[in-house]
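The structure appears below as C-alpha cells.
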Amino acid sequence: MESNRLVASVPAYKSIFISDTHLGSRGAQAHHLNNFLQKYNSENLFLVGDIVDGWRLEKKFFWPEQHTKVLEQINKKALSGTHVHYLIGNHDESVKNFSDRGLNIAELDALAENVTFETQIDYIGIDGKKYLVCHGDMFDTLMDSNTGRWVMFLGTTSYDLLLYINTAVNIITRKLNLPYINITGFAKRRAKAACNLLLKFEGILSNHASEKQYDGVICGHIHTPEIKNISGTVYMNSGDWVENCSALLEHHDGSWEILNWRESHSKTKTSTHN
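Every letter in the sequence shown is one number past the one before it in my numbering, and letter 17, counting from 1, is 17.
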C-alpha cells in the first residue's frame with residue numbers, strides 16, 4: 001500500500017549568497033530579485049551586506065511595493081525553515097536601529113525577529129573548506145577614514161544620475177525589442193578597473209583570509225561577481241542586484257556557481273577551484 005505521508009522536499013541548493021541589493025534606492029532591481037527568490041530555494045540564505053541602502057534612505061526616503069515584497073519573501077523563507085544570515089555592510093551598517101533614525105520599515109522589523117545580524121561569520125562548505133563570509137567593506141581602503149567614507153557617499157550621488165539615465169535608455173530598448181544596455185556597469189567597470197589596481201580589494205581580502213587560516217572568502221561590496229583562486233585561497237563575490245542581478249550558489253555536490261539572473265537563467269560561471 002502506497003504511503004500517503006507528505007515527504008518534505010530537499011531545497012534545490014545547499015546555500016545561496018546574495019549581496020548589494022540596495023533596497024531603498026531607485027537602482028535596486030527588486031522585480032528581478034523577487035522572481036529569483038520565488039524560484040530558488042536553499043537550506044541557507046546569506047544576505048552579504050548592503051541589502052537595504054540606509055545611505056540613500058536617510059537622504060530621501062524611497063520604498064516602493066516591490067522592495068517590501070523582497071523583505072516579505074526573505075522573512076517567509078526564514079519562517080519556513082531556511083537559515084537566514086544577514087551580514088551587515090557599509091550602506092546598511094545602522095540596519096538594526098533604522099527605526100531610531102526615523103526609517104520605519106515594518107517588514108525589516110519583522111525580519112529582524114527571525115534572522116541573525118552579524119558583521120562576519122565562518123561557513124564550512126560541503127567541499128569541506130572553511131570560508132570567511134563578510135560584506136568586505138572593512139577591507140576597502142576608501143572606507144578606512146572619514147574622508148574616504150565621504151568620497152564613497154558623494155560617489156553614490158553621481159551614480160544615481162547614471163542610474164536614471166540607464167533606466168530611461170532601457171525603457172526605450174525594451175520598446176524597440178533591443179538588448180539590455182548596462183550603462184552603469186560599463187561606467188563602473190572603467191572606473192573600478194583603475195581603482196581596484198590601487199586598492200587590490202580581492203588580494204587584500206584573500207590575503208587576510210589566508211592569514212586567518214581560512215580556505216576561502218565570500219563577499220560582496222564591489223558589485224563584481226567572481227569565482228577565482230588567488231594564491232591558493234578561494235575568492236568568491238556574489239555580485240549585486242543593481243547592475244548584474246547575480247547570486248552565488250552552492251550545490252549539494254559541493255560545487256559553486258554564479259548565476260546571472262537577468263542575462264540568462266542558464267548562463268552561469270562555474271567554479272573551477274574544486
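Positions of the beta carbon are idealized from the N, C-alpha and C atoms, including for glycine.
With distances taken from CA atoms, which of the options is nearest residue i?
{"i": "I121", "options": "E257, V133, A110", "result": "V133"}
{"i": "S207", "options": "S231, T224, H223, A30", "result": "What sits at residue 207 in the sequence shown is Asn, not Ser. Cα-wise, what sits closest to N207 is S231."}
{"i": "N229", "options": "K200, V217, I222, H223", "result": "V217"}
{"i": "S275", "options": "F61, L259, S238", "result": "It is not possible to answer for residue 275, since the shown part of the chain is limited to 1 through 274."}
{"i": "V10", "options": "H252, I204, D240", "result": "H252"}
{"i": "D92", "options": "N75, G81, L57, E113", "result": "L57"}
{"i": "G297", "options": "N90, N41, Y214", "result": "Coverage of the chain is limited to positions 1 through 274, which leaves residue 297 absent and any answer about it impossible."}
{"i": "P167", "options": "G27, N44, Q73", "result": "According to the sequence provided, residue 167 is Thr. The question's Pro does not apply to it. Nearest C-alpha to T167: G27."}
{"i": "A106", "options": "G128, W63, H83", "result": "W63"}
{"i": "L79", "options": "L111, L176, G54", "result": "L111"}
{"i": "W261", "options": "E250, G239, G254", "result": "G239"}
{"i": "H135", "options": "C219, I171, P225", "result": "C219"}
{"i": "E65", "options": "Y235, A30, V234", "result": "A30"}
{"i": "T76", "options": "D50, G54, S42", "result": "The identity of residue 76 in the sequence shown is Lys, whereas the question assumes Thr. When only C-alpha atoms are compared, the closest one is S42."}
{"i": "E226", "options": "E211, K212, C245", "result": "C245"}
{"i": "L249", "options": "E243, N237, V242", "result": "N237"}
{"i": "E113", "options": "Y123, D140, G128, I74", "result": "I74"}
{"i": "E241", "options": "N35, E202, V169, G81", "result": "Note that residue 241 corresponds to Trp in the displayed sequence, not to Glu. Taking only the C-alpha atoms, the option nearest W241 is N35."}
{"i": "H223", "options": "Y13, V48, H32", "result": "V48"}
{"i": "E211", "options": "S255, Y131, D137", "result": "Y131"}
Using three-state DSSP, classify residue i as helix, strand or coil.
{"i": "G220", "result": "coil"}
{"i": "E113", "result": "coil"}
{"i": "L176", "result": "coil"}
{"i": "W150", "result": "Confidence at W150 is low in this model, with a pLDDT of 43, below 50, so its placement is unreliable and no value can be given for it."}
{"i": "I121", "result": "strand"}
{"i": "A247", "result": "strand"}
{"i": "E257", "result": "strand"}
{"i": "E43", "result": "strand"}
{"i": "F62", "result": "coil"}
{"i": "S99", "result": "Unreliable placement is indicated for S99, whose pLDDT of 49 sits below 50; no coordinate value is reported for it."}
{"i": "I126", "result": "coil"}
{"i": "D137", "result": "helix"}
{"i": "V169", "result": "helix"}
{"i": "R262", "result": "coil"}
{"i": "H252", "result": "coil"}
{"i": "Q38", "result": "helix"}
{"i": "A28", "result": "coil"}
Which residues does DSSP pair with residue i in a beta bridge?
{"i": "V278", "result": "This structure gives no information on residue 278, because the portion of the chain shown stretches from 1 to 274."}
{"i": "I227", "result": "M236"}
{"i": "L23", "result": "V52"}
Along the chain, where does the alpha helix (DSSP H) that runs through residue i open and close?
{"i": "F201", "result": "201-211"}
{"i": "L57", "result": "54-59"}
Following the continuous beta strand (DSSP E) through residue i, name the residue where it begins and the one where it ends.
{"i": "V70", "result": "Not the beta strand (DSSP E): V70 falls in the alpha helix (DSSP H), residues 65-79."}
{"i": "I214", "result": "Reading the sequence as shown, one finds Tyr at residue 214 and not Ile. Careful: Y214 lies outside any beta strand (DSSP E) and carries neither H nor E."}
{"i": "V133", "result": "130-134"}
{"i": "S15", "result": "13-18"}
Please tell me whether residue i has its Cβ less than 7 Å away from any Cβ of chain C.
{"i": "F17", "result": "Of the protein chains in this structure there is only one, and it is not chain C."}
Any contact of the segment 11-24 with the segment 60-75, i.e. 3+ C-beta pairs under 8 Å? yes
Count the C-beta pairs between the segment 77-88 and the segment 108-119 that are closer than 8 Å, then say yes if the count reaches three, no if not. Because the criterion of three Cβ pairs below 8 Å is met, the segment 77-88 and the segment 108-119 touch.
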